[in-house]
Amino acid sequence: MNTSVLAMPARHPAAIIALLAHHRVLATIGVLLVFPWLMPNPSVASTILIYAVFALGFNFLFGYMGMLSFGHAAFLGVGGYTAGILIAHFQLRWWLAIPAAVVLAALVALAIGVLAIRTRGIYFAMVTLALSQCVYFAVYQLPLSGGENGLRGVNLDQVGPAALHISLLDPHTKYYFFLCFAALAFGLVSRFLASPFGGVVEAVRENESRVRACGFDVERTKLLAFVLSGAICGLAGALSAIHLSSVAIESLNYETSGLVVMICLLGGMGTFFGPFVGALLFLLVQDLFSLWTEHWQLYVGVVFMGFVLFFPKGVWGTLLEKCNVQ
Amino acid sequence: MKIRIPTHNAALWLATALASILAAPGALAQAPVGTIKIGLPVPLTGPYGAEAKDQVRNAELAIKEFNDAGGLAGRKAELLVRDDKLNPGEAAARALELIEKDHVNFIVGALSASTQLAINNVTRQRKVLYISISQSDAINEAADFSRYTFHEALNPQMTTQAVGRYVFKKGMRIAFLTADYAYGHEMTRGFTRVAQEVGAQVVGELKHPLGAADYSTFLPRLQALKPDVIVFNNFGRDNQISIRQAGDFGMKKSMAFVTPVLTYTSRLAAGPQVYEGVVGGSSYFWGIETSTPSAKRFNTSYRAANGTVEPSDYGSVAYSAVKSLLDAVKAAGSAETEKVVDALAALKYDTYKGAQYYRSCDHQSVQSVLVIGSNSTSGKNPADVFKVLQIVPGSTGMLRSCAELGHK
Amino acid sequence: MDGITFELLGLQLFTGLALGAIYVLLAVGLSLIFGMLTVVNFAHGAFFMVGAYAGFSVYRVLPNFWVCLVFVPLATGTLGMLAERVLVRPLYGRGLDYPLLLTFGLAYVMVELVRIGFGKQGFPFDTPALLQGSADIGVGQFPLYRLFVIGVTALVLGGLWFFIEKTSFGLIVRAGARDPHIVRILGIDVGRVWLLVFGLGTGIAGLGGFLAAPMQGISPEMGAPVLIVAFVVTVVGGMGSLVGAVAAGLLVGVVESLAVLFFPEAAKVSMFVIMALVLLVRPQGLFGRAGLMN
């Protein structure tokens, strides 16, 4: 970072962006605090926030480490179903159910990671796809999951002591409840990225053999990154279960895996704020287009192809590039 | 190092575009105060887009009839259509949006079992009246039920009772080709029950994955069971493809083809050759207008609004749901949820096919079921695709008992 | 497991071969494109679907199945070449991910365009009169049309083998799959080769779609489930290996078919289990070359 940046008058948009990039977690949380007031309604904001966390987890693996996985829906789904089943069937408190979901998603990520890390490139993508389909199948067969009907009854109406009346039926309250967890996730990822571990992760993306030659344990780094990525996606799944009061079996489908890839690309892979921008853009575009026309998939596809061809760094990435930051 | 401020501003353009996208929803017109708003989430995109479109047309017809008759002391009704993309997560999100942003009074909708259950979960949490218009056994059960949940459509139990009793005879050998999801399992359960009651023998069941394009791996095995009747417990494209391929394998020569729900759109899509000789069930066929006065009235009204097309089975359920809902609103004299719920639960109505009412323990609409067969030559009317073999009148005997469903 | 006779097993085996034939057609195209261009074509299922619709459209105007059979791969291949030149070519050199992502978006666009042009419902497609009915193959009655599909696939594979092994263009394709840089250095216009290979791969996919039409009808969504299978088959066989595509395609078809007899619920997931197992034991696929990803 160049010190002359801070000396520029704050009115310059580029300087502001540079300042924000330096304090990225605070800046992100700042934006997220006012976000529901900018959206047509707070539930849409919650949905976007949850997808942003999902993309955040995926971006850590894809954008920063350079490993394209087509099976991340497995972690979203495992997180969702774990939290959902614990809350709906076992009436477990949310402050136990959500961490349990994260832990279980991390465990599944460990299992899949151990098997998948041995492959690279497109094979890695295909193995993750195959293993996530196996998870889909396993969850589908599980009686507690509700199978094709999905899991209903994830009714978390109140959180905290009864006297405080924090009702999740109020969409604004629900959003800020989710924001607490999202902020944690953003903070965690930022810490990891800023640490030496984060440095190795990005180095592996640039030149894996060189990193290996420098003496780093590349396999262990990959596995750790994979598990972390899975854990964050599991958190997103748990939040989604509470948001919609249900978990759909479609959340484990390869189409959901494809969705998060698109979101990351649109937003900007390998950038911190990119996943949020991608989620915002994708969901808004999809929602708006589907209000105007039933053929919204055409426009979404064209927009996406346009980005791949002309803005491969995504919206946020291109923005950063134009302002010559980093 | 100088920071270059871009003059030719792709970044600023993007930011402005984003801002205007954010501002746009607020600019949408607001409905007049006092309007009775009914949300309709249906799968406009996806394989059932055609059925969903007809649901929209039918719902709009019911709204129009209500408004033309003066509404509720001048208050008009309005339909808010949303696309749930046949995805339960999306359906729940649309339901949340309809309730929180659009402040709808009631919600009618969904076409697949999983989407209606997801919507129902959202609506009952927030005490919003919801009428489901799709087949499902689960929505009647105690776990998913609530005071605010109503089910206008048929359920697999009713359908299988009607079709099964028409086809099965004592001593017959029955085989099932079942789609491996809730719909298929519920149909198999229903048909098995009828077989036991009648004294027919179930010789085997093969389950296929939902959305399979090729059934060639299942058909030889089914043939080897030597059944008298083969029941296709699947829906939509699965139904069309599996029946076609079974016909290709020559199985029509040795066994009768039966399916629980024979939809209008499937018959039109797959053609007369494929469905030749197939017997199935349905909630409605426009052809019953010759014997049912309310059907004639409904058909005439539909044709007047839509031209020379006939209402489909799935579409007309939407009509009945919205119409009966608005009748309940009139009976209650208000659009307040609690009053309308009471009025609807007590309502006796005849919207399009005969007498109907909601059973009190599970709010299932007790109604007639049609047993139909495919018409191979439609003659002068391309919509004359079925012959009605039997109209089974509605009765609680066709439903599972309240106790069995878990209601006290 | 009662009632499993030798005849049933034999019939199921044949069914698996017919099923595998379509998989093979798709996998061969995918493998060719990957081997030559190092592009993972996520739009392959969409080309499959477009082939079916192209054949359907021509059939409405000119109801001759055999003419359509020749026309479809040419039409689909041309569309593929257009896509390659305009959309995929600019992304060369940007890494493995970008062409993959582009074809991902392309699939969405193609499917929606077909929906707009032909409606969402899909159409039935009748088996040509000559091929209707079934034949006794010793173990039971088997649909004649499916035998035809096996035959056509064998013919196409034979032609492809001849083309790749015995012609000079095929020599370039083989060399390019081995090392595209050297081929360029030798002065060969690799761009033209890529164009034709992409067209060839997508053309075969389109042919597969048209062949599948009488068996399952046509619909805009028919490409998606088949794409997943094609990927599994290509990866199991080894990306870039045609022998692998054939072997894996038949293997997957037969295993799926037999799985229905013994463990029906898992039939669809059986191919994923195979894929996971093969990749863990031999990460480059059965016949793939190690180090292809470097």
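Residue numbers (my numbering), protein chains in the order written: chain Z, 1 to 326; chain D, 327 to 734; chain P, 735 to 1028. Think of the CB as a built atom: it goes at the ideal place given N, C-alpha and C, for glycine as much as any other residue. Treat the numbers as computed from the prediction; the structure is a model and nothing was measured.
task = Work out the CA separation of Z:F70 and Z:P312 for me, nearest whole Å.
result = 19 Å
task = Spell out whether any CB of chain P is found under 8 Å from the CB atom of D:L398.
result = no
task = Measure the C-alpha to C-alpha separation of P:S716 and P:L881 and round it to an integer number of angstroms.
result = Since the first and last residues shown for chain P are 735 and 1028, residue 716 of chain P lies out of range.
task = Could you tell me whether any Cβ in chain D is nearer than 8 Å to the Cβ of Z:N59?
result = no
query = Roughly how many angstroms lie between the CA atoms of D:L422 and D:G641, to the nearest whole one?
reply = 24 Å
Cβ of Z:S132 within 8 Å of any chain D Cβ = no
Within the segment 483-509 of chain D, ranges of the beta strand (DSSP E) (whole runs, at least 3 residues) = 499-505
task = Closer than 7 Å, Cβ to Cβ, to anything on chain P: give me those residues from the segment 537-549 of chain D, in chain order.
result = G537, A539, D540, S542, T543, F544, P546, R547
task = Write down the C-beta distance between Z:V154 and Z:S245 rounded to the nearest angstrom, noting that I regard them as a contact closer than 8 Å.
result = 5 Å
task = Verify whether the separation of the beta carbon atoms of D:V489 and D:G606 is less than 8 Å.
result = yes
request  = Grab the span of the alpha helix (DSSP H) containing D:Q599 for me, first residue to last.
outcome  = 598-601
Neighbouring residues, chain B, relative to D:D380 (Cβ below 8 Å) = Looking at the structure shown, chain B is missing, and the protein chains on hand are Z, D and P.
inquiry  = Within 8 Å, do at least three Cβ pairs link the segment 512-525 of chain D to the segment 544-551 of chain D?
reply    = no
query = Within the present structure, is the beta-carbon of D:A596 separated from the nearest heavy atom of the ligand SAM by less than 7 Å?
reply = Here there are no bound small molecules, and the ligand SAM is not part of this structure.
query = Just how far apart, CA to CA, sit Z:L319 and Z:L291?
reply = 28 Å
Extent of the continuous beta strand (DSSP E) run through Z:G230 = Here Z:G230 belongs to no beta strand (DSSP E); instead the alpha helix (DSSP H) covers 218-244.
inquiry  = In whole angstroms, give me the CA-to-CA distance for D:A378 and Z:R205.
reply    = 47 Å
Interface residues of chain P facing D:F583 [CB-CB closer than 8 Å] = Residues of chain P passing the Cβ test: none, with the nearest at roughly 16 Å.
query = Which one of Z:N207, Z:H243, Z:V200 has the shortest CA to CA distance from Z:L223?
reply = Z:V200
key: N-terminal and C-terminal residue of the alpha helix (DSSP H) that D:V655 is part of   = 639-658
task = In the DSSP assignment, find the unbroken beta strand (DSSP E) run with D:A661 in it and report its ends.
result = That residue, D:A661, is in no beta strand (DSSP E); it is neither H nor E in DSSP.
ask   = Listing by chain order, which chain D residues have their CB less than 9 Å from the CB of Z:L86?
value = Those do not exist, as Z:L86 stays about 17 Å from chain D at its closest Cβ, beyond 9 Å.
inquiry  = Just to confirm my understanding: we take P:F799, look at its own chain, exclude 5 residues before and 5 after, and list those with CB closer than 6 Å. What are they?
reply    = P862
inquiry  = Assuming Z:F124 and Z:A116 are in contact, meaning their beta carbons sit under 8 Å apart, how far apart are those beta carbons, in whole angstroms?
reply    = 6 Å
ask   = Which residues, taken in chain order from the segment 106-125 of chain Z, show a beta carbon closer than 7 Å to some beta carbon of chain P?
value = L115, R118, T119, R120, G121, I122, Y123
query = Where do the ends of the beta strand (DSSP E) carrying D:P586 lie?
reply = 582-587
ask   = What does a CB cutoff of less than 7 Å around Z:F327 pick up in its chain, not counting 5 residues either side in sequence?
value = The displayed coordinates of chain Z run from 1 to 326. Any statement about residue 327 of chain Z would go beyond what the structure contains.
8 Å Cβ cutoff met for D:V407 and D:I425 = no
ask   = Taking the C-alpha atoms as reference points, what is the distance between P:G750 and P:F740?
value = 15 Å
key: Buried or exposed by the 16-neighbour rule on C-beta atoms within 10 Å, applied to P:L796   = exposed
Check whether D:G415 and D:V368 have beta carbons under 8 Å apart = no
ask   = Any Cβ of chain P within less than 8 Å of the Cβ of Z:Q297?
value = yes
ask   = What do you reckon, are the CB atoms on D:L715 and D:G699 nearer than 8 Å?
value = yes
ask   = Are the C-beta of D:L406 and some C-beta of chain Z separated by less than 8 Å?
value = no
request  = Mind checking who D:G699 pairs with in its DSSP beta bridge?
outcome  = D:V605, D:K713
request  = Name the two residues that bound the continuous alpha helix (DSSP H) containing D:I459.
outcome  = Careful: D:I459 lies outside any alpha helix (DSSP H) and carries neither H nor E.
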